[in-house]
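Quick mapping for you: the protein sequence lines, in order, are chains U and F. Positions in the first sequence are counted from 1; adding 15 to them yields the working numbering. Positions in the second sequence are counted from 1; adding 19 to them yields the working numbering. Glycine residues also receive a C-beta, built at the ideal position from the N, C-alpha and C atoms. This report refers to the structure that appears directly beneath it.
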Amino acid sequence: MANNAPNGTIRLEIFRYSPDKGEEPKFQTYEVPFREEWVVLDAINYIKDELDGTLTYRWSCRMGVCGSCGMMINGIPKLSCAAFLREYYPKPIRVEPLANFPVTRDLVIQLDDFIGKLKSIQPWIVRKDGEKPVSEGVYLQSPAEHARFKDFSMCINCMLCYSACPVYGLEKEFLGPAAIALAQRYNMDSRDQGRSQRQEVVASHEGIWQCTFIGECSAVCPKHVDPAAAIQQAKLSSTIDWFQEVLWPWGGKK
Amino acid sequence: MESHEYDVVIVGGGGAGLRAAIELGESFPKLRIAVVSKVYPMRSHTVAAEGGAAAVIKSNDSLENHCHDTVSGSDWLGDQDVIETFVKEAPDELIRMEHWGCPWSREPNGQVAVRPFGGMVIERTWFAADKTGFHMLHTLYQTALKFQSLKWYDEWFVTKLLVDNGRCQGVAAIELLTGQLHAILGKAVILCTGGAGRLFPFTTNGAIKTGDGMFLAYQAGVALKDMEFVQYHPTGLPGSGILITEAARGEGGILTNKDGYRYLQDYGLGPPEPFRKRAMELGPRDRLSQAFVQEEAKGRTISTPFGSAVYLDLRHLGEATINKKLPFVRELSKNYAGIDPVYKPIPVRPVIHYVMGGVDTDVEGATVVPGLYAAGECACISLNGANRLGSNSLTELLVFGRRAAHAAAQFAAENPALASEKLKAQASDEQERIASQFIRKQGGNERVATLRLELNRLMEAGAGIYRSGDGLQKACSGIAALKDRFRNVALDDRSLSYNTELISVLELEFLLDIGQSLLHSALCRTESRGSHQRTDHTARDDQKFLKHSMAYRTDAEPRIEYKDVVITRWPPKERVYGK
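Written out as structure tokens, the structure reads:
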């Protein structure tokens, strides 16, 4: 199949670090063909295939849904499969690993911290009396009930929000935007009864209360999840819990 | 050699692997389970499925209908016992997904909604807008996190099955982070590694779809079944190959040629009016992709910088419906094609999407190697035959992921002993093979990317939508030559930690063998059936080929044998659409 002919070249300055070599991190410059339809990931794949097989990064779906290919592109966390070269051309593009994470190698960051936090918020449906038998069919859920958590369910775990979050940058114990949004996704689901058991983690000091509402998380989210809104909602309902417990003890815990 | 012992080892953390993991965690909580995946599970390609998952749930539908649609969709190459099992268990599986939180789209009364899909006589496809695979994958992953018996090996790449005394007892796997190879032993192993769309240059499949499990089983002596059947999805974006879901047509989208004419009516799928199922744009994928090629030959397609295309027109659906039912289609079209489907038709062309063939298994997911199971796209349980119907595969992951888990758990209970020392010795040999062939190798001048590109081109030229004996013969010689050149491959990257070039070369090694099995199976099938269309043998030949192709690995070319198709209640008939 014919490709569009390249139209000049574009320069990429890419962060390089290899733990095996014991060298200091550095930037390496590559000149790649400029194509109108290429995204930064295409340019990086070109480098890997044609120029330098040692360049190391993650990618898979190249359609903005697997969440693998987040990188700092000119200082802003983005999915490299959704950042078009034409938005930067003819200026050079600087590509770095997502900020706020330990770097494994080149553009690959360590995700373990998030995976642990994800698990800690119990991201599954909790039923007090257990799941009902399949023979009783589905739980009914109106479109309006679905709409209450829908946006929070769109998180692809791409880590752009953690990379943009100044609080997470300073305090790694902070639960962080995506994990809180996902906790809220289940809390708001009409089928779920697990909010009180999630609260121990979410309403702790390391949970929602560290967030200072800078809102960078929502600004960089490629899927419009709006984690800042999730945190706001969670703070509000935790405050109500506190009032109910402390000021109106007869009201009981939800 | 570090080693770890489990009861069951699952390879792959996509839909099938996670469904198997949940079943083991829930029904067999005492078993220790390893989930070994080359990517973090939520990156698995299940994530990219869009349109939906089929199961009979509405009172106007029937199991009989779903069976018949699947049998005829398969061009009678599906095993009917498997199809009946699948159709019967499908509704319970989707209900369980609902219980686990999958955000299925709903009707106003709170019941799940269903939409029409290609080749189905009635609407039965459950959906979560047009991100069904994404929602299913994340629901499964997050649900699986609750089970303490599951040990996650994220970003570990399996290079070989460990087989002793004819029985599979684990895997050799490289930890990407450190580059160290470990022996992960298990009393049973389930392969859930997905398809092999990356054999081809133009595909909806992500980079990770390199047929790993297919190769592992093939190398261990299991046949790859029906590999010649490869699905072209009729509507991909030219250039990138990004999928535009069949749900776009399920919701009423139409396909037109350069003159605005609904050309499918010329290819046995019409007449266009009135709107009905199993007709026109809601015909099966193989027929629609073949119609495109014929329309192209008549000069009635449009040309784009990335090859010819036709139009997928959604404008008449209106902005509200597009936003509600097809938001991802709109996002992808705008971002990657610069087209807003609310105002303009989307240029689309057929694109490699799914491999119907795979690891030969029975209805429990068991292979001929004791202790080895497979499920999902890497398996060929013979649900899909010569052409898969859209929205059957997401359900397939669940039904057969669960069944394989049960069979593997039972096998593990009955076969507790592991030949640990011998297995570890095998893993040591494997580590040495990889080190000497790739990491420490001196000389060699072939690049991974060059060989991969040549393989891609050769597969497309030889085994595209229409095939010929001559073309296949040429491709078979070509791939043999590529395998010779592969011996001369050399890596730029000789590091241990996170060596993605090493993973790429191992994947290429797998693809070369799988591609060869596909080409030889296609060459030997001198008939046209479903997605396998031969220009030199244009008719279906039930006398000779109502059979599954079985490709066995040898030191030279694959050996092709045949196995009967299971027919229960639907004897072979002509495949009719558009009526």
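Going by C-alpha to C-alpha distance, which of the options sits closest to residue i?
i: T254 of chain F; options: F:A423, F:S523, F:Y286 and F:I371; result: F:I371
i: K170 of chain F; options: F:G36, F:R471 and F:K563; result: F:G36
i: L66 of chain U; options: F:D512, F:K443, F:T380 and F:D574; result: F:D512
i: K63 of chain U; options: F:G597, F:L542 and F:T469; result: F:T469
i: G534 of chain F; options: F:F505, F:R466, F:A132 and F:C495; result: F:C495
i: A310 of chain F; options: F:L402, F:H539 and F:Y286; result: F:Y286
i: F116 of chain U; options: U:E215, U:V182 and U:Q247; result: U:V182
i: S93 of chain F; options: F:T554, F:N406, F:Q562 and F:A316; result: F:N406
i: L538 of chain F; options: F:A39, F:F219, F:P257 and F:G463; result: F:F219
i: A53 of chain F; options: F:G189, F:I227 and F:Y237; result: F:G189
i: C187 of chain F; options: F:L515, F:Y517 and F:L391; result: F:L391
i: T323 of chain F; options: F:L256, F:K206 and F:R544; result: F:L256
i: I59 of chain U; options: U:G37, U:A98, U:G90 and U:E39; result: U:A98
i: D35 of chain U; options: F:G198, F:Y59 and F:K57; result: F:G198
i: I171 of chain U; options: U:Y154, U:P192 and U:K187; result: U:P192
i: N224 of chain F; options: U:S253, U:K41 and U:R77; result: U:R77
i: R504 of chain F; options: F:L474, F:N518 and F:A480; result: F:L474
i: L196 of chain F; options: U:G131, U:P92 and U:V123; result: U:V123
Return the chain-ordered list of same chain residues with a C-beta closer than 6 Å to the C-beta of residue i, the five sequence neighbours on each side being excluded.
i: G267 of chain U; result: Caution is warranted here: a pLDDT of 46 is assigned to G267 of chain U, below 50, making its placement in the model unreliable, and the coordinate value is therefore given only provisionally. Contacts found: none.
i: Y282 of chain F; result: N276 and E314
i: M16 of chain U; result: Model confidence at M16 of chain U stands at a pLDDT of 38, short of 50, so the residue's coordinates are unreliable and nothing is read from them.
i: K269 of chain U; result: Interpretation of K269 of chain U is limited by its pLDDT of 41, a score under 50 that renders its predicted location unreliable; the figure taken from the coordinates is listed afterwards. Nothing meets the Cβ criterion.
i: R578 of chain F; result: Y571
i: A198 of chain U; result: I136, R213 and V217
i: R31 of chain U; result: K41, Q43 and D121
What in chain B is Cβ-close to residue i, meaning under 8 Å?
i: P127 of chain F; result: Looking for chain B here will not work: the only protein chains present are U and F.
Might you give, ordered along the chain, the residues of its own chain that have their beta carbon closer than 7 Å to the beta carbon of residue i, omitting 5 neighbours on each side?
i: C236 of chain U; result: L175, C176 and P242
i: C173 of chain U; result: G82, G85, L94 and P237
i: R548 of chain F; result: D94, L96, A405, R559 and F564
i: K150 of chain F; result: E69 and F347
i: T158 of chain F; result: M116, W119, G120 and C121
i: V312 of chain F; result: I484 and Y485
i: Y160 of chain F; result: L37, P60 and M61
Going by the DSSP bridge assignment, what does residue i pair with across the sheet?
i: E28 of chain U; result: U:T44 and U:R109
i: L169 of chain F; result: F:I52
i: H556 of chain F; result: F:R553
i: H23 of chain F; result: F:I203
i: M569 of chain F; result: F:K244 and F:E580
i: V58 of chain F; result: V58 of chain F is not bridged to any residue.
i: Y373 of chain F; result: F:Q250
i: R544 of chain F; result: In the DSSP output, where bridge partners are listed per residue, R544 of chain F has none listed.
i: D379 of chain F; result: F:C399
i: I29 of chain F; result: F:V54 and F:I209
CB-CB under 8 Å to residue i, same chain, minus the five flanking residues each way: which ones, in chain order?
i: I102 of chain F; result: C86, T89, V90, S93 and L402
i: E546 of chain F; result: R553, H556, A558, R559, D560, K563 and F564
i: T24 of chain U; result: E46, V47, P48 and F49
i: E21 of chain F; result: Q199, H201 and A202
i: R319 of chain F; result: N276, K277, D278, Y280 and Y282
Whole runs of the beta strand (DSSP E) within the stretch 53 to 100 of chain U, excluding any shorter than 3 residues: 85 to 88 and 91 to 94
3-residue-minimum beta strand (DSSP E) runs that sit fully inside the stretch 147 to 176 of chain U, ordered along the chain: none
Interface positions of the stretch 226 to 240 of chain F facing chain U (Cβ-Cβ less than 8 Å), listed along the chain: A226 and I227
Length at least 4, wholly inside the stretch 81 to 120 of chain F: the alpha helix (DSSP H) runs in chain order: 82 to 92 and 99 to 118
Residues of the stretch 54 to 66 of chain F whose Cβ lies closer than 9 Å to any Cβ of chain U, in chain order: V58, Y59, M61, R62, S63, H64 and V66
Residues from the stretch 67 to 86 of chain U in contact with chain F, defined by Cβ distance under 9 Å: D67, G68, T69, L70, T71, Y72, R73, W74, S75, C76, R77, M78, G79, V80, C81, G82 and S83
Near-chain F residues of the stretch 119 to 130 of chain U - C-beta to any C-beta below 7 Å: T119, R120, V123 and L126
Short-range partners of chain U found in the stretch 128 to 154 of chain F, where Cβ spacing is below 8 Å: N128, G129, Q130, V131, K150, F153 and H154
Chain U contacts made by the stretch 177 to 196 of chain F, where a contact means CB separation under 9 Å: L195 and L196
The stretch 19 to 36 of chain U: positions lying closer than 8 Å to chain F by Cβ: N19, S33, P34, D35 and K36
Interfacial residues, the stretch 402 to 418 of chain F to chain U, with Cβ spacing under 9 Å: none
Alpha helix (DSSP H) segments (min. 4 residues) lying fully within the stretch 178 to 203 of chain U: 181 to 185 and 192 to 202
Minimum length 4: unbroken alpha helix (DSSP H) runs contained in the stretch 428 to 455 of chain F: 439 to 453
Beta strand (DSSP E) runs wholly inside the stretch 255 to 342 of chain F, at least 3 long, in chain order: 273 to 275, 321 to 323 and 326 to 332
Contact set between the stretch 449 to 469 of chain F and chain U, restricted to residues whose Cβ is under 9 Å from the partner: R466, V467, A468 and T469
Where the stretch 90 to 115 of chain F meets chain U: residues whose CB sits under 8 Å from a CB there: D111, I114 and R115
Positions along the stretch 137 to 155 of chain U whose CB lies within less than 8 Å of some CB in chain F: Q137, P138, W139, I140, E146, K147, V149, G152, V153, Y154 and L155
Chain-ordered residues of the stretch 505 to 517 of chain F with a beta carbon less than 8 Å from chain U: L510, D511, D512, S514, L515, S516 and Y517
Continuous beta strand (DSSP E) assignments of at least 3 residues falling wholly in the stretch 133 to 202 of chain F: 169 to 173, 175 to 183 and 186 to 194
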